[in-house]
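Participant:
Number of protein chains: 4
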Amino acid sequence: MAKRTGEKYEAIIDAAVRVIAKYGYHQAQVSKIAREANVADGTIYLYFENKDDVLISLFNEKMGSFISDVETALDKISSPVEQLRELIRLHLAYLENDHQLAIVTQIELRQSNPEVRKKIGLILKKYLEVIDQVIQSGVEQQLFRSDFDSRTARRMIFGTIDETVTSWIMKDCKYSLMDQVDPILRLFLGGVGK
Amino acid sequence: MAKRTGEKYEAIIDAAVRVIAKYGYHQAQVSKIAREANVADGTIYLYFENKDDVLISLFNEKMGSFISDVETALDKISSPVEQLRELIRLHLAYLENDHQLAIVTQIELRQSNPEVRKKIGLILKKYLEVIDQVIQSGVEQQLFRSDFDSRTARRMIFGTIDETVTSWIMKDCKYSLMDQVDPILRLFLGGVGK
Amino acid sequence: MAKRTGEKYEAIIDAAVRVIAKYGYHQAQVSKIAREANVADGTIYLYFENKDDVLISLFNEKMGSFISDVETALDKISSPVEQLRELIRLHLAYLENDHQLAIVTQIELRQSNPEVRKKIGLILKKYLEVIDQVIQSGVEQQLFRSDFDSRTARRMIFGTIDETVTSWIMKDCKYSLMDQVDPILRLFLGGVGK
Amino acid sequence: MAKRTGEKYEAIIDAAVRVIAKYGYHQAQVSKIAREANVADGTIYLYFENKDDVLISLFNEKMGSFISDVETALDKISSPVEQLRELIRLHLAYLENDHQLAIVTQIELRQSNPEVRKKIGLILKKYLEVIDQVIQSGVEQQLFRSDFDSRTARRMIFGTIDETVTSWIMKDCKYSLMDQVDPILRLFLGGVGK
DNA sequence: CATGAATGAGACTTCATTCAT
DNA sequence: TATGAATGAAGTCTCATTCAT
Chain A
1 MAKRTGEKYE AIIDAAVRVI AKYGYHQAQV SKIAREANVA DGTIYLYFEN KDDVLISLFN
61 EKMGSFISDV ETALDKISSP VEQLRELIRL HLAYLENDHQ LAIVTQIELR QSNPEVRKKI
121 GLILKKYLEV IDQVIQSGVE QQLFRSDFDS RTARRMIFGT IDETVTSWIM KDCKYSLMDQ
181 VDPILRLFLG GVGK
Chain B
1 MAKRTGEKYE AIIDAAVRVI AKYGYHQAQV SKIAREANVA DGTIYLYFEN KDDVLISLFN
61 EKMGSFISDV ETALDKISSP VEQLRELIRL HLAYLENDHQ LAIVTQIELR QSNPEVRKKI
121 GLILKKYLEV IDQVIQSGVE QQLFRSDFDS RTARRMIFGT IDETVTSWIM KDCKYSLMDQ
181 VDPILRLFLG GVGK
Chain C
1 MAKRTGEKYE AIIDAAVRVI AKYGYHQAQV SKIAREANVA DGTIYLYFEN KDDVLISLFN
61 EKMGSFISDV ETALDKISSP VEQLRELIRL HLAYLENDHQ LAIVTQIELR QSNPEVRKKI
121 GLILKKYLEV IDQVIQSGVE QQLFRSDFDS RTARRMIFGT IDETVTSWIM KDCKYSLMDQ
181 VDPILRLFLG GVGK
Chain D
1 MAKRTGEKYE AIIDAAVRVI AKYGYHQAQV SKIAREANVA DGTIYLYFEN KDDVLISLFN
61 EKMGSFISDV ETALDKISSP VEQLRELIRL HLAYLENDHQ LAIVTQIELR QSNPEVRKKI
121 GLILKKYLEV IDQVIQSGVE QQLFRSDFDS RTARRMIFGT IDETVTSWIM KDCKYSLMDQ
181 VDPILRLFLG GVGK
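Protein chains in written order, with full-length UniProt numbering: chain A, 1 to 194; chain B, 1 to 194; chain C, 1 to 194; chain D, 1 to 194.
1) Quick one: Cα of residue 130 (chain A) to Cα of residue 58 (chain A), how far?
2) So with Cβ pairs under 9 Å, would you call residue 194 (chain D) a contact of chain C?
3) Looking only at its own chain, which residues have a Cβ that is under 6 Å from the Cβ of residue 66 (chain A), when we skip the five neighbours before and after it?
4) Are the C-beta atoms of residue 79 (chain A) and some chain B residue less than 9 Å apart?
5) Can you give me the C-alpha to C-alpha distance between residue 75 (chain A) and residue 138 (chain A), rounded to a whole angstrom?
6) Apart from the five residues on each side of it in sequence, which residues of its chain come closer than 7 Å, Cβ to Cβ, to residue 140 (chain A)?
7) Does residue 158 (chain B) come out as helix, strand or coil in the three-state DSSP assignment?
8) Using alpha carbons as the reference points, say which of B:46, B:119 and B:105 lies closest to residue 25 (chain B).
9) Between which two residues does the alpha helix (DSSP H) harbouring residue 40 (chain C) extend?
10) Residues of chain C with CB under 7 Å from residue 153 (chain D), in chain order?
11) To be precise: take each residue of the segment 161-176 of chain A, compare its Cβ to all Cβ atoms of chain B, and keep it if any distance is under 9 Å. Which residues remain?
12) Report yes if the C-beta distance between residue 30 (chain A) and residue 54 (chain A) is below 9 Å; otherwise report no.
13) Looking only at C-alpha atoms, which of B:193, B:175 and B:119 sits nearest to residue 143 (chain A)?
14) For residue 161 (chain A), tell me which candidate among A:146, A:186 and A:147 has the shortest Cα-Cα distance.
15) Is there a C-beta anywhere in chain C that falls below 9 Å from the one on residue 33 (chain D)?
16) Taking residue 180 (chain A) as the query, report the chain B residues whose CB atoms sit under 7 Å from its CB, ordered along the chain.
17) Ends of the alpha helix (DSSP H) at residue 25 (chain A)?
18) For the 8 Å Cβ check, are there 3 or more pairs between the segment 6-24 of chain B and the segment 35-50 of chain B?
19) Drop a sphere of 10 angstroms on the beta-carbon of residue 163 (chain B), count the other beta-carbons inside from all chains shown, and report buried for 16 or more, exposed for fewer.
20) Please state whether the Cβ-Cβ distance between residue 56 (chain C) and residue 123 (chain C) is less than 9 Å.
21) If contacts are defined as beta-carbon pairs under 8 Å, then residue 103 (chain D) and residue 169 (chain D) qualify, I think. What distance do you get, rounded to the angstrom?
22) If you measure from the beta carbon of residue 58 (chain A) to each beta carbon in chain B, is any gap under 9 Å?
23) Can you give me the Cβ contacts of residue 86 (chain C) inside the same chain, cut-off strictly under 7 Å, excluding the 5 residues immediately before and after it?
24) With DSSP collapsed to three states, give me the class of residue 148 (chain C).
25) My output table needs one value for residue 193 (chain B): the three-state DSSP class, helix, strand or coil.
26) Can you list, in chain order, the residues of its chain whose CB lies under 6 Å from that of residue 166 (chain C), leaving out five sequence neighbours each side?
27) Taking all protein chains shown into account, do 16 or more other C-beta atoms lie within 10 angstroms of the C-beta of residue 89 (chain C), making it buried, or fewer, making it exposed?
28) Does residue 149 (chain C) come within less than 9 Å of chain D when only Cβ atoms are used?
29) Since I believe residue 154 (chain C) is in contact with residue 184 (chain C) (beta carbons under 8 Å), could you give me their beta-carbon distance rounded to a whole number of angstroms?
30) Have a look at C:180, C:151 and C:1 and flag the residue whose alpha-carbon is nearest the alpha-carbon of residue 91 (chain C).
31) Below 9 Å between beta carbons is the criterion; list the residues of the UniProt domain "HTH tetR-type" (6-66) of chain B that meet it against any residue of chain A, in chain order.
32) What does the alpha-carbon distance come out to for the pair residue 190 (chain A) and residue 132 (chain B)?
33) Look up residue 48 (chain B) in the DSSP assignment and say whether it is helix, strand or coil.
34) Which full runs of the alpha helix (DSSP H) of 4+ residues lie inside the segment 85-130 of chain D, going along the chain?
35) Let me see if you follow: with CB-CB separation under 9 Å, is residue 83 (chain C) close to chain D or not?
36) By the criterion of Cβ-Cβ separation under 8 Å, what are the contact partners of residue 145 (chain D) in chain C?
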């Protein structure tokens, strides 16, 4: 039933990002998104199943292009260390370049209902798998140690970057995320211990 | 006006944890919490300002006792490495011992409105400061390196543990969190690199 | 946001008059008014800000058309004495012709909250000014004495008519208000003294 | 069951006047009145049937002593004109001397529910009868005309004085009501006409 | 007599979704 | 395709009253 493509499909998603970033998740009513997208309320239901579908699609579109970008970039890099650096860099760059998207995915969308969060989790999984691959390459190429569980490491990597972005937003995006790339990478590689 | 202490105060908070864990944040109506606590709806308003206040108080009480426990435990430990291990252990133990509380603080309460999330953020800050102190001790005692920003390290530590717990809940608390303590500690200390 | 015009706008106001007249101010719930107007509860909020706005609009619409009628009628009359008679007549006729409206404005709406009463007071002010003009004309044309304060006279005129209508309602509108026009006019003009 | 006399009975009524005058009818909760009277909430129910009974008793006590004062005063005066003047004077003086009582009886209590207003109406009736007697005396002594309906005149007298006090309160009791006695009397006796 | 903690019924308002045009 | 007016379910909080102490 829902069209899921076309000019208005994108207009609605982009309007949703702007509205949620500006007003917050709980004040982002369908009618507000429709007005921002210059369509009628009902039109949204020609392109999306329901409101949740708008949010999930939003995350899917943005995350999809992000993952695609990451995969393309990592393919060109052979060193797992450099891949890890690039992954951190792209993750931070992507959100630093679009504050609104950062606010939406990092803060607002996490207030959504279990249904939406579940779907978001599935989408995120693909990204986590990319992280896994980088770790595995490092281990295989004997550049990383092999005495850790890769899932634990993956949680460290994702959890740290995620927390970094959240902190940055909470402090109103006042400093540069790019400056964090190497410090984070160094901690990932060498830890805090001597 | 609100009493904020007494037998029923605690009964209501505990009922709120159970109800939110069972039904989810959006299905945790005041009337449901009241019934679970064996009090009348109106009684809740003798002990709390409003529904938000119940949620904030819940987080405050639980987090408060957790932070207090952590501080007490760390005081008895001189080695920053062991302090860090104990911090990870207590964090994971606290939530592993109370699955319901874990679900509420880790998943459900994050769906709450900005007002509540803001207050929760302030409460969390105290915990982050404890982490900071451990890091600083490690640096001062020259057991940790000094070429990293302590805030970056703090975000790694908190972000990693937080992501670990969230993953664990998402997988229905099927494995033991305690087994993660040392692996996480090792990553914090030595990183993934060789 | 609220539309404030249209077929349903009027239907809701008229339904409100009927419901308040029948059940009283405190038993005139939004849902009851909606049902009486054959609209959904939510529809009321497409035409009015909130419930208070319905009540204020009700008074404003009815009083507005009344004042307009009075002004039109008085414009056609040159004699202040006849103007005064017409004013009394219209005031009584208007409410005698619509018992429900009489009950609502005279009895029920006076139980409303301060917010509503304040707005009602402002609307009433316009009517009091019309009374003032009649008095002033009478004085200027030397048909009325000039040794009284016009505000005192205005309070006499309004207070007397108002009390007359209230008494009439309290006695279940059993007698004719029209019969009171000349007796009241005569008292206004000549007082009780010889 | 309700005691209806005693030190606390009066304390509660006086507290009710103060609370209603200060906070308004809709913010005058039983608990607030109890606190103001320095008694427990439950104590009020030892002296009054319910909250309505407090309000009715309040009006009854205050109005009762007022009517009694008026009757005593009028008994000492033989001239109906002077009786009328004294009635106006006492009515205005009584309320000018107690702004809080004026606000409560003139504004706030009129927002009460039909039950209370009905009882208040019955109490008021006695006062209206006093006015009737003055009019009748005037007519009998041929000082007043006899070509008017005494009920119409009574409504003029009560309505005018009532409106005068209400206006005065609405303008924050800024001017002296006593100055209005003779102007009002003159209008009652001679009207506005020449 | 006095207390005051506890009760629980009841209503305004929002907003995702539909469907006649 | 597109519109947008209309729908109606559902939840927080207040406060008069009670009754065990």
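Glycine included, every Cβ here is placed at the ideal spot set by N, Cα and C. Since we're looking at a predicted model, the values are computed, not measured.
Facilitator: Let me lay it out:
1) Locating residue 130 (chain A) in the first sequence gives position 130, where the first residue counts as 1. Locating residue 58 (chain A) in the first sequence gives position 58, where the first residue counts as 1. So the alpha carbons of these two residues sit roughly 21 Å apart.
2) The sequence position of residue 194 (chain D) within the fourth sequence is 194, counting from 1. For residue 194 (chain D), the answer is yes, since a Cβ of chain C falls inside 9 Å of its Cβ.
3) Within the first sequence, residue 66 (chain A) is the residue found at index 66, counting from 1. Excluding residues within five positions, the ones whose Cβ falls inside 6 Å are 94.
4) Sequence index remark: in the first sequence, residue 79 (chain A) carries index 79 (1-based). Closer than 9 Å: no.
5) Counting from 1 along the first sequence, the entry for residue 75 (chain A) is found at position 75. Counting from 1 along the first sequence, the entry for residue 138 (chain A) is found at position 138. About 14 Å.
6) Residue numbering aside, residue 140 (chain A) sits at position 140 when the first sequence is read from its first letter. So the list is empty, once near-sequence residues are dropped.
7) Taking the first residue of the second sequence as 1, we reach residue 158 (chain B) at position 158. In this structure, DSSP gives residue 158 (chain B) a helical state, which the three-state scheme calls helix.
8) Sequence index remark: in the second sequence, residue 25 (chain B) carries index 25 (1-based). Answer by Cα proximity: B:105.
9) As a first step, residue 40 (chain C) is located in the third sequence; it is residue number 40 there, counting from the start. First-last for residue 40 (chain C): undefined, no H or E at that position.
10) Translated into positions along the fourth sequence, residue 153 (chain D) becomes position 153. Per Cβ cutoff of 7 Å: 187 and 192.
11) 161, 162, 163, 164, 166, 167 and 170
12) Numbered from its first residue, the first sequence carries residue 30 (chain A) at position 30. Numbered from its first residue, the first sequence carries residue 54 (chain A) at position 54. Their beta carbons are under 9 Å apart, which means residue 30 (chain A) touches residue 54 (chain A) by this criterion.
13) The residue given as residue 143 (chain A) occupies position 143 in the first sequence. Checked all of B:193, B:175 and B:119; the closest Cα to residue 143 (chain A) is B:193.
14) As a working mapping, residue 161 (chain A) is identified with position 161 in the first sequence. Ranked by how close their Cα comes to the Cα of residue 161 (chain A), the residues A:146, A:186 and A:147 have A:186 in first place.
15) In the fourth sequence, the residue the question calls residue 33 (chain D) occupies position 33. Chain C, which has no Cβ nearer than 9 Å to the Cβ of residue 33 (chain D), makes this no.
16) The residue labelled residue 180 (chain A) in the question sits at position 180 within the first sequence. What residue 180 (chain A) touches in chain B: 152.
17) The residue labelled residue 25 (chain A) in the question sits at position 25 within the first sequence. That residue, residue 25 (chain A), is in no alpha helix (DSSP H); it is neither H nor E in DSSP.
18) yes
19) As a first step, residue 163 (chain B) must be located in the second sequence, where it is residue number 163. So residue 163 (chain B) counts as buried.
20) For the purposes of this step, residue 56 (chain C) is taken as residue 56 along the third sequence, with counting starting at 1. For the purposes of this step, residue 123 (chain C) is taken as residue 123 along the third sequence, with counting starting at 1. Taking 9 Å as the cut-off, the beta carbon of residue 56 (chain C) is found closer than this to the beta carbon of residue 123 (chain C).
21) On the fourth sequence, residue 103 (chain D) is found 103 positions in, with the first residue counted as 1. On the fourth sequence, residue 169 (chain D) is found 169 positions in, with the first residue counted as 1. Right, their Cβ atoms sit about 6 Å apart.
22) Against the first sequence, residue 58 (chain A) aligns to sequence position 58. No, because no Cβ of chain B sits closer than 9 Å to the Cβ of residue 58 (chain A).
23) On the third sequence, residue 86 (chain C) is found 86 positions in, with the first residue counted as 1. Excluding positions up to five away in sequence, the list reads 73, 74 and 77.
24) Within the third sequence, residue 148 (chain C) is the residue found at index 148, counting from 1. Three-state DSSP puts residue 148 (chain C) in coil, outside helix and strand.
25) As a position in the second sequence, residue 193 (chain B) is number 193, starting the count at 1. Residue state, collapsed to three classes: strand.
26) Numbered from 1 along the third sequence, position 166 holds the residue referred to as residue 166 (chain C). Closer than 6 Å at Cβ, skipping near neighbours: 106.
27) Numbered from its first residue, the third sequence carries residue 89 (chain C) at position 89. It counts as buried.
28) As a position in the third sequence, residue 149 (chain C) is number 149, starting the count at 1. Flagged as an interface residue toward chain D: residue 149 (chain C), by a C-beta distance shorter than 9 Å.
29) Within the third sequence, the letter at position 184 stands for residue 184 (chain C). Within the third sequence, the letter at position 154 stands for residue 154 (chain C). That belief does not hold up - the Cβ atoms of residue 184 (chain C) and residue 154 (chain C) are roughly 15 Å apart, past 8 Å.
30) Counting from one through the third sequence, the residue named residue 91 (chain C) turns up at place 91. With distances taken between CA atoms, residue 91 (chain C) lies nearest to C:180 out of C:180, C:151 and C:1.
31) 24, 25 and 26
32) As a working note, residue 190 (chain A) is residue 190 in the first sequence. As a working note, residue 132 (chain B) is residue 132 in the second sequence. Going from the Cα of residue 190 (chain A) to the Cα of residue 132 (chain B) covers about 19 Å.
33) Locating residue 48 (chain B) in the second sequence gives position 48, counting from the first residue. Looking at residue 48 (chain B) - three-state DSSP - the assignment turns out to be coil, as it is neither helix nor strand.
34) 99-106
35) Along the third sequence, one-based indexing puts residue 83 (chain C) at 83. By this cut-off, residue 83 (chain C) is not an interface position.
36) Residue numbering aside, residue 145 (chain D) sits at position 145 when the fourth sequence is read from its first letter. The contacting residues are 190, 192, 193 and 194.
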